[in-house]
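So the structure is just underneath, and the comments pick up after that.
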Amino acid sequence: MKATNCVLATMALLILVVVVNGGDDQPSSVKPLVKIVKGKKLCDKGWECKGLSAYCCNETISDYFQTYQFENLFSKRNTPVAHAAGFWDYHSFITAAAVYQPHGFGTTGGKLKAQKEVAAFLGHVGSKTSCGYGVATGGPLAWGLCYNKEMSPSKLYCDDYYKYTYPCTPGASYHGRGALPIYWNYNYGKTGEALKVDLLNHPEYIENNATLAFQAAIWKWMTPEKKNQPSAHDVFVGNWKPTKNDTLSKRVPGFGATINVLYGDQACGKGDDESMNNVISHYLYYLDLMGVGREEAGPHEVLSCAEQVPFNQAAPSSSSS
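The sequence shown lines up with residues -22 to -1, 1 to 299 when you count with mature numbering (1 follows the signal peptide of the UniProt record, and there is no 0).
Encoded structure:
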């Protein structure tokens, strides 16, 4: 009898822990450490939003975007025909995002803006890693995170112009890898410097570690391509104020400008471009699945970069950056 009571007590305790913690799919808000510094409220929420930051006073990504939502967005990624089955997961995304949440990734503004940024970032990721097609099971938008690398690269993507700054490692191939695929030795070099990982000598690290692959993609989202230019994060959350030249170039804050920042003339200023529309379609689809609704995406001129003058032209040696 005593043994039975002990088992029941243990089970009750386990249930209590699950309820308190909310389970894997429920928000588990952490009470932040709050300090007032020079009249400004700064917070630290532990591992997911570590370091005193105003952004950590807001909800973190796991508060409003849980495992089941990630599974819904990328529902076909682990099917037998997917090319990276078993690679991508929610934990890797949240672990990577934890580094950037104190800087505002998914924590800028209120819950709605934060949800929209996560949907926007993942919209880009989904469109660039999809193997979906018109009659694919579940529809073409259900196949994001199907890839983690370019399957049949036609070249090594070694640009000898950078032989002094980012020299190619003999035998290494710098083909597309990751959540926002990285191409070319100079991009592996710059990303590796930022993440403090030797990607120039070991580009394969990106395809071997999902957290690193997401981290590289979020770094790209958060980082301007050039000085005096905004990041994709900045143009999306409203940190960027267009100059007179931007206005004349029809560049406006919003999702369309994120496409412009990340891909320049590969997708923007070309009218009704297929690659641009593909990214937009993934963003709208993810907004719906996250419960935000595509009606929150804004008007066409905000969603699209069809008429925007590109921030950057494609490098002469590259058709993909």
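Here a beta-carbon is modelled for each residue, glycine too, at the ideal position from N, C-alpha and C.
- Under the DSSP assignment, K168 falls in the alpha helix (DSSP H) whose first and last residues are N163 to L173.
- The secondary-structure analysis by DSSP pairs C21 across a beta bridge with V12 and S31.
- Residue ranges of uninterrupted beta strand (DSSP E) with 3 or more members are absent from the region 51 to 137; none lies entirely inside it.
- Nearest to Y144 by alpha-carbon distance, out of G167, S31, K89 and S105, is G167.
- R155 carries a strand assignment under DSSP once its states are collapsed to helix, strand and coil.
- P208 is classed as buried because its beta carbon has at least 16 other beta carbons within 10 Å across all chains shown.
- Ranked by how close their Cα comes to the Cα of E49, the residues C109, T189, T169 and L123 have L123 in first place.
- The residues H61, A62 and T107, in chain order, have a CB closer than 6 Å to that of Y125 in the same chain once the five nearest residues on each side in sequence are set aside.
- Burial state of E273 is exposed, judged by a 10 Å Cβ sphere holding fewer than 16 other Cβ atoms.
- By the CB criterion at 7 Å, E171 and N290 fall outside the cutoff.
- If you ignore the 5 residues before and after M129, its C-beta comes within less than 7 Å of the C-beta of H61, all in its own chain and listed in chain order.
- W121 places its beta carbon less than 7 Å from that of K54.
- Contact annotation, Q47 with V270: C-beta distance approximately 11 Å; criterion of less than 8 Å not satisfied.
- With a threshold of 16 other beta carbon atoms within 10 Å, P159 meets it and is buried.
- Here the alpha carbon of H211 sits roughly 29 Å from the alpha carbon of N56.
- If you ignore the 5 residues before and after K133, its C-beta comes within less than 7 Å of no other C-beta in its own chain.
- D138 counts as exposed, since fewer than 16 other beta carbons sit within 10 angstroms of its beta carbon.
- Setting aside the 5 residues that flank it on each side, A74 is surrounded in the same chain by T189, F192, Q193 and I196, each with a C-beta closer than 7 Å to its C-beta; the list follows chain order.
- Excluding the 5 residues flanking it on each side, V8 has same chain C-beta neighbours closer than 7 Å at K23 and G24, in chain order.
- The Cβ atoms of L281 and G216 do not sit closer than 7 Å to each other.
- By a beta-carbon distance limit of 8 Å, T85 contacts T38. Their separation comes to about 6 Å.
- In the DSSP secondary-structure assignment, I160 is bridged to R155.
- With distances taken between CA atoms, L119 lies nearest to Y264 out of Y264, G232 and G276.
- Taken through DSSP and simplified to helix, strand or coil, F43 comes out as coil.
- With respect to the C-alpha of F214, the residue from V230, G249 and I184 having the closest C-alpha is V230.
- Residues G101, G104, S105, L119 and G122 of the same chain have their beta carbon placed closer than 7 Å to that of H260, with the five preceding and five following residues left out of the count.
- In terms of Cα proximity to A32, the closest of K19, G64, E26 and A275 is K19.
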